[in-house]
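Engineer: For reference, the structure I am asking about is given below.
Chains as they are written, first to last, in this note's numbering: chain A, 1 to 103; chain B, 1 to 634.
Here it is, written out as structure tokens:
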């Protein structure tokens, strides 16, 4: 019985810190996260390291840049011609990644 | 390749006429689109944007249909979009026309309200079907936007496409005026949001946080499609477009450098925070409001930090896109409580009797927040149901939620009985505010969950979730039988009290509409449109629709007669099991188990059903309307 009680207390003692994060212990305004006990402050190098590939992380930004560039050509062409052309390869002077001529 | 079925034959467009009338009422000065939209919305006959007007109240002053006669509502006419899958949002009505959107392939229809059996035009874009494979939760679309035109440009209808395009259509002919790329499906970005017109700009959000898409909102010039500005939810301050006085009235919310400092390394580049919900706008403040969604991945252990500024209520200046304030509701989200829900604007006296301009937002996390929309002050934060358990309270002075660690999630742990579930106690439904009763009519989910995270790598264009979910009815539902998954409630943001509340068999997913006739309308997933007494919640009328509802009702007047319309078409996140024939209860991000009984009550279909008193319509007024007359259909 005594052993059981000790085990129970020990389990609770160990369990309590693991449940401690309540979000109100702030390092600075708007920066209140803290690791749950037993979990790392930083995941890099830990067993929870997502091992992000920088090339994969860059793909969204590259996609946005490419889309914005094509859109800029479409806008330029419509302003020049009064006609909308979606297919940028049909726009005179279009170069992939190039900037439309100044108006 | 767009398909134009036919063009309107009238010499003077009703839209042009409406615009001209607005111009006339505004005086000799050319009216800005804002002014025209405001004037058009003042006429209760119209429904010119998804929330009816810039206040996003989904409220109509019309009272021809009221408590006394609502039992006489009958179907007047209907329209099938020809598309299955979930139909979210609601149609627009401007003058004599109704504009109807549809899920992928996102065909837009213009109907003639004088003869609704006549499709004036339809525009079906050719899309890359791969878009369907990166859509998170069915292939839904939330609606259209209308720009009233000016002296040189005809009125426009704006449509988002699942494949990431924003298109401007001539409202008169349906022809595509321009189409721009806004999201790239190759990196998992899609578009489901209803576009939103402010001034001569159209705002577009983003979807794809379940694939690690970093969220952004973009403004395009309505006339040319040229980008005016873009603002992200995560990353460096200049890309967030923070104003110099950002959060100055509430510095405890956090101010600068947090879009990177609250992430580890470059995780903010794949950190989610997309915005695919609804916008509202205050022309006097020139501020528009919306919510950024969940951080990515769902597995919280993989992304230490508060993950700003996902899960935030934003107030941005429309002209520049600069953020005046942001309040993060769920720092370091652990439950997918994506914060994109509706922002309803009202003016009410606070508890001290001071009249304030308010913004009320029923969040996924089960809290209804009310802010002063001029500066972001937190006025109230109430649990929308007493069974919310992830949070003990929200401190009004700090704005911080006091989390209950028992319901936190983490790797190597299966968290149980978390309420609400990832679907939230409130999701994308566009709810309503009744200014006479000072009540918000809330359509609510009553669903809880178990949550077990797992590790996965980020690969652009692939799902990036990292959690297995089991969902089931909340404590007030019937867990054994998988029913009792929803509620409808009338909420007072000043007192924090619910005036009334009723249980529903399934989630009230689509939202509500309130009217001066004392009625609250809404649709149910099992396929009913219902009208309740706004004072008591008593059920006064209902009608069984061909399919379940995940959109919100609207009302309009034509030829002196009030109609109520609603889109039907079960699907969306709660319907993915039914739509895609899934059986694993954890499939559909946990939705399949929660809604396992849905197929016993409804099946797929898609369209608009319109009601009037006694079912009167142009066709009952004159059965010859729409009849074949030799030579006239040529």
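Where a beta carbon is used, it is the ideal one built from N, C-alpha and C, also for glycine. Everything numeric in this text was worked out from a predicted model, so none of it was measured.
Taking 7 Å as the CB-CB cut-off, is residue 618(B) touching chain A?
Structural biologist: So no, residue 618(B) is outside the interface.
Engineer: Just to confirm the assignment: which complete beta strand (DSSP E) runs, minimum length 3, are found wholly within the region 324 to 409 of chain B?
Structural biologist: Counting only runs of 3 or more, we get 344 to 349, 355 to 362, 367 to 372, 378 to 383, 391 to 394, 401 to 403.
Engineer: Could you check which residue in 469(B), 514(B), 605(B), 274(B) has the C-alpha nearest to that of residue 564(B)?
Structural biologist: Of the listed residues, the one whose Cα sits closest to residue 564(B) is 514(B).
Engineer: Report all residues from its chain with a CB closer than 6 Å to the CB of residue 225(B); omit the five preceding and five following residues, and keep chain order.
Structural biologist: Contacts found: 178, 180.
Engineer: Of the choices 460(B), 103(B), 598(B), 470(B), whose alpha-carbon is the least far from that of residue 189(B)?
Structural biologist: Measuring from the Cα of residue 189(B), the nearest candidate turns out to be 460(B).
Engineer: Kindly indicate which three-state DSSP category residue 167(B) falls into: helix, strand or coil?
Structural biologist: The answer is strand: DSSP assigns residue 167(B) an E or B state.
Engineer: Would you kindly check if the distance between the Cβ of residue 291(B) and the Cβ of residue 273(B) is under 7 Å?
Structural biologist: Not a contact, by the Cβ cut-off of 7 Å.
Engineer: Going by Cα to Cα distance, which pick from 496(B), 304(B), 425(B) is closest to residue 370(B)?
Structural biologist: Considering only alpha carbons, the answer is 496(B).
Engineer: Residue 77(A) by DSSP, collapsed to three states: which one?
Structural biologist: Helix, per DSSP.
Engineer: For residue 59(A), go through chain B and note every residue whose CB falls closer than 7 Å to its CB, in chain order.
Structural biologist: Ordered by position in chain B, the residues that pass the 7 Å Cβ test against residue 59(A) are 187, 460.
Engineer: Does DSSP put residue 619(B) in a helix, in a strand, or in coil?
Structural biologist: Residue state, collapsed to three classes: helix.
Engineer: Assess contact between the region 508 to 525 of chain B and the region 60 to 72 of chain B, defined as three or more Cβ pairs (one per stretch) separated by less than 8 Å. Is contact present?
Structural biologist: Yes, they touch.
Engineer: Checking the sheet assignment: what are the DSSP bridge partners for residue 119(B)?
Structural biologist: DSSP lists 111(B) as partners of residue 119(B).
Engineer: Could you check if residue 580(B) is buried or exposed, using at least 16 other CB atoms within 10 Å of its CB as the buried criterion?
Structural biologist: Exposed, since its Cβ has fewer than 16 Cβ neighbours within 10 Å.
Engineer: Counting pairs of beta carbons, one from the region 520 to 535 of chain B and one from the region 79 to 96 of chain B, are three or more of them closer than 8 Å?
Structural biologist: Touching, no.
Engineer: When DSSP labels each residue in this structure, what does residue 628(B) get in the three-state scheme?
Structural biologist: In this structure, residue 628(B) counts as coil in the three-state DSSP scheme.
Engineer: Report the residue ranges of all alpha helix (DSSP H) runs contained in full by the region 488 to 520 of chain B; include only those spanning at least 4 residues, in chain order.
Structural biologist: Listed in chain order, there is nothing to give.
Engineer: Contact defined as beta carbons within less than 8 Å: I believe residue 246(B) pairs with residue 145(B). What is the distance between those atoms, to the nearest angstrom?
Structural biologist: Not a contact, Cβ separation roughly 27 Å.
Engineer: Contact check, residue 318(B) vs residue 198(B) under 8 Å by CB: the rounded distance?
Structural biologist: The Cβ separation is near 5 Å, so the contact holds.
Engineer: I'd like to check one pair, residue 411(B) with residue 473(B): are the Cβ atoms closer than 7 Å?
Structural biologist: For residue 473(B) and residue 411(B), no; Cβs fall outside 7 Å.
Engineer: Could you check whether residue 469(B) and residue 507(B) sit closer than 7 Å to each other, using their CB atoms as the reference points?
Structural biologist: Going by C-beta atoms, residue 507(B) is not nearer than 7 Å to residue 469(B).
Engineer: Under the rule that 16 or more other beta-carbon atoms within 10 Å means buried, what is residue 354(B), buried or exposed?
Structural biologist: Its Cβ having fewer than 16 others within 10 Å, residue 354(B) is exposed.
Engineer: Counting only beta-carbon separations shorter than 7 Å, does residue 179(B) have a partner in chain A?
Structural biologist: At least one chain A Cβ lies under 7 Å of residue 179(B).
Engineer: Quick check: the Cα distance between residue 21(B) and residue 436(B), rounded to an integer number of angstroms?
Structural biologist: In this prediction, residue 21(B) has a pLDDT of 41, which is less than 50 and means its spatial position is unreliable; nothing more can be read from the coordinates.
Engineer: With H, G and I counted as helix, E and B as strand and the rest as coil, what does DSSP make of residue 288(B)?
Structural biologist: Three-state DSSP puts residue 288(B) in a strand.
Engineer: Any idea what DSSP makes of residue 317(B), helix, strand or coil?
Structural biologist: Reduced to three states, the DSSP call for residue 317(B) is strand.
Engineer: Take residue 715(B) as the anchor and find which of 222(B), 392(B), 325(B) has the nearest alpha-carbon.
Structural biologist: In the structure displayed, chain B extends from 1 to 634; residue 715(B) sits before or after that span and is not available.
Engineer: By the DSSP assignment, the alpha helix (DSSP H) with residue 88(A) in it spans what residues?
Structural biologist: Note, residue 88(A): premise wrong, no alpha helix (DSSP H); not H, not E.
Engineer: Could you check what DSSP says for residue 547(B) in three-state terms: helix, strand or coil?
Structural biologist: DSSP places residue 547(B) in coil when its eight states are reduced to three.
Engineer: Kindly list, in the order they appear in chain B, the residues whose Cβ is closer than 8 Å to that of residue 52(A).
Structural biologist: The answer, in chain order, is 265, 266, 267, 270, 457, 458.
Engineer: In chain E, which residues lie with their C-beta within 9 Å of the C-beta of residue 100(A)?
Structural biologist: No chain E appears in the structure shown, which is made up of the protein chains A and B.
Engineer: DSSP three-state call for residue 65(B): helix, strand or coil?
Structural biologist: In the structure shown, residue 65(B) sits in coil (DSSP, three-state: anything other than H, G, I, E or B).
Engineer: Would you mind listing the beta strand (DSSP E) stretches within the region 45 to 106 of chain B that are 3+ residues and don't spill past its ends, in chain order?
Structural biologist: Qualifying beta strand (DSSP E) stretches, in chain order: 73 to 80, 92 to 94, 97 to 100.
Engineer: Residue 419(B): beta carbon under 6 Å from a heavy atom of the ligand FAD?
Structural biologist: By its list of ligands, the structure shown contains no ligand whatsoever, and the ligand FAD lies outside what it can speak to.
Engineer: Tell me residue 452(B)'s beta-bridge partners as DSSP assigns them.
Structural biologist: DSSP lists 468(B) as partners of residue 452(B).
Engineer: Classify residue 276(B) as helix, strand or coil using the three-state DSSP reduction.
Structural biologist: Note: residue 276(B) maps to coil in three-state DSSP.
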